[in-house]
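Since the structure comes first, as structure tokens, the remarks are kept for the end.
2 protein chains.
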Amino acid sequence: MSSVVTIRSATSQDQDRIWEILEPVLSTGETYALPSNWNKEEALAFWCDENKETFVAECDETILGTYFMKPNGMGGLSHIANCGYITGYKARGRGVASQMCEHSQSKALELGYTAMQYNCVVSTNTGAVRLWQRWGFDIVGTLPKAFNHATQGMVDAYIMYKKLS
Amino acid sequence: MSSVVTIRSATSQDQDRIWEILEPVLSTGETYALPSNWNKEEALAFWCDENKETFVAECDETILGTYFMKPNGMGGLSHIANCGYITGYKARGRGVASQMCEHSQSKALELGYTAMQYNCVVSTNTGAVRLWQRWGFDIVGTLPKAFNHATQGMVDAYIMYKKLS
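Taken in sequence, the protein lines are chains A and B.
Numbering of the first sequence is given in this note's numbering, commencing with residue 545 and proceeding in unit increments.
Numbering of the second sequence is given in this note's numbering, commencing with residue 545 and proceeding in unit increments.
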């Protein structure tokens, strides 16, 4: 049994397993600015839509995490990539999010992006904030008490940015 | 002849005149993170799409400016409105943008939003920055050298935010 995590493009065969990763995280309403009551079809329509590249992190045919990449804007901002990453609860602590972040930066450069931006890193999600900072992302903005956290009420959200090339 | 500017919801009858406002501004690539080479259909498909409320500022049956409003996010950010405003070149200096900004804040409250966010105020667009600041918007973030300005190269872009209620 290998313990190597590989990251590859998602296929339509992965949808059930991607939903298994998304559902418990989205339903908390604590870390993602996405509806906590989305059903499987709504969540997958967003996560795997045709304007995004969607990837899965896999180990021994088990999907441990997933991320998407898309342009964060158009025109003068079209060189900036935006990503969203979710690691399955069972796979926490294995560096999967870090590996997806690294992979996404390489992939972004390959696709011609020169920067990456996260538009809503919830300030209470301290593990994510620290991880992105370790990867060289700066907090370039704070939306004050802007994120309606399911259990903590209105909390700050950060905009994080990294120049890639 | 009245000189009162009124703001109302756009209709399909306004499309040609909205394009006359958008085209010269978008084509410069200096102030909007939208493709500078969009044709009429592409620009109107964006500006007047079904997920936005689109308004026009009108005086004596001439359209002087237009703005849209949409949610800036989903889930925990769905209470934040996002708007884009464009005043026609011929109507500059008459306070049309200011009037549209005021109108949009009232409309946002009416629609249940509690805050408003602009995601890309180009730093070189000093008139806009000052106007939004006068209306109580704060610069809550700076995307460093992130906007590819058609004539000035990479310039800072601001994220501006105002709590409405």
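Heads up, the beta-carbon is just placed ideally off N, CA and C, and yes, glycines get one too.
- Think of a sphere of 7 Å around the beta carbon of Leu-621(A): the chain B residues whose beta carbon falls inside it are Ala-577, Cys-664, Ala-690 and Phe-691, in chain order.
- When DSSP states are grouped into helix, strand and coil, Thr-555(B) belongs to the coil group.
- In the structure shown, Thr-575(A) falls within a coil segment according to DSSP collapsed to helix, strand and coil.
- When CB distances to chain A are screened at a threshold of 9 Å, not a single residue of the segment 636–658 of chain B falls below it.
- A distance below 6 Å between beta-carbons, with the five flanking residues on each side excluded, links Ser-571(A) to the following residues of its chain, in chain order: Ser-580.
- Shown here, Val-548(A) sits in coil according to DSSP, grouped into three states, outside any helix or strand.
- Rounded to the nearest whole angstrom, the C-alpha separation of Glu-605(A) and Ser-622(B) is 36 Å.
- Setting aside the 5 residues that flank it on each side, Arg-552(B) is surrounded in the same chain by Phe-599, Val-600 and Glu-602, each with a C-beta closer than 7 Å to its C-beta; the list follows chain order.
- For the C-beta of Tyr-705(A), the chain B residues within less than 8 Å are, from N- to C-terminus, Leu-687, Pro-688 and Ala-690.
- At a C-beta separation below 9 Å, Gly-628(A) has no neighbours in chain B, since its nearest C-beta there lies roughly 12 Å away.
- The beta carbons of Asn-626(B) and Tyr-662(B) sit closer together than 9 Å.
- Going by DSSP, Ala-672(A) is part of the alpha helix (DSSP H) stretching over 670–678.
- Residue-level contact by beta carbon fails for Val-673(A) and chain B, as no gap is shorter than 9 Å.
- Between Gln-661(A) and chain B, the shortest Cβ-Cβ separation is below 9 Å.
- At a C-beta separation below 8 Å, Met-618(A) has these neighbours in chain B: Ala-577, Leu-578 and Pro-579.
- In this structure, Ile-562(B) sits near Leu-588(B), with a CB-CB distance shorter than 9 Å.
- Contact check for Ala-659(B) and Ala-690(A): beta-carbon distance about 6 Å, within the 8 Å limit, so the pair qualifies.
- Taking 9 Å as the CB threshold, Ala-587(B) stays off the interface with chain A.
- DSSP links Val-666(B) through a beta bridge to Ala-701(B).
- With contacts defined by Cβ atoms closer than 9 Å, Ile-703(A) and Leu-687(B) form a contacting pair.
- Taking Tyr-633(A) as reference, the option from Gly-671(A), Gln-649(A), Val-666(A) and Val-569(A) with the minimal CA-CA separation is Val-569(A).
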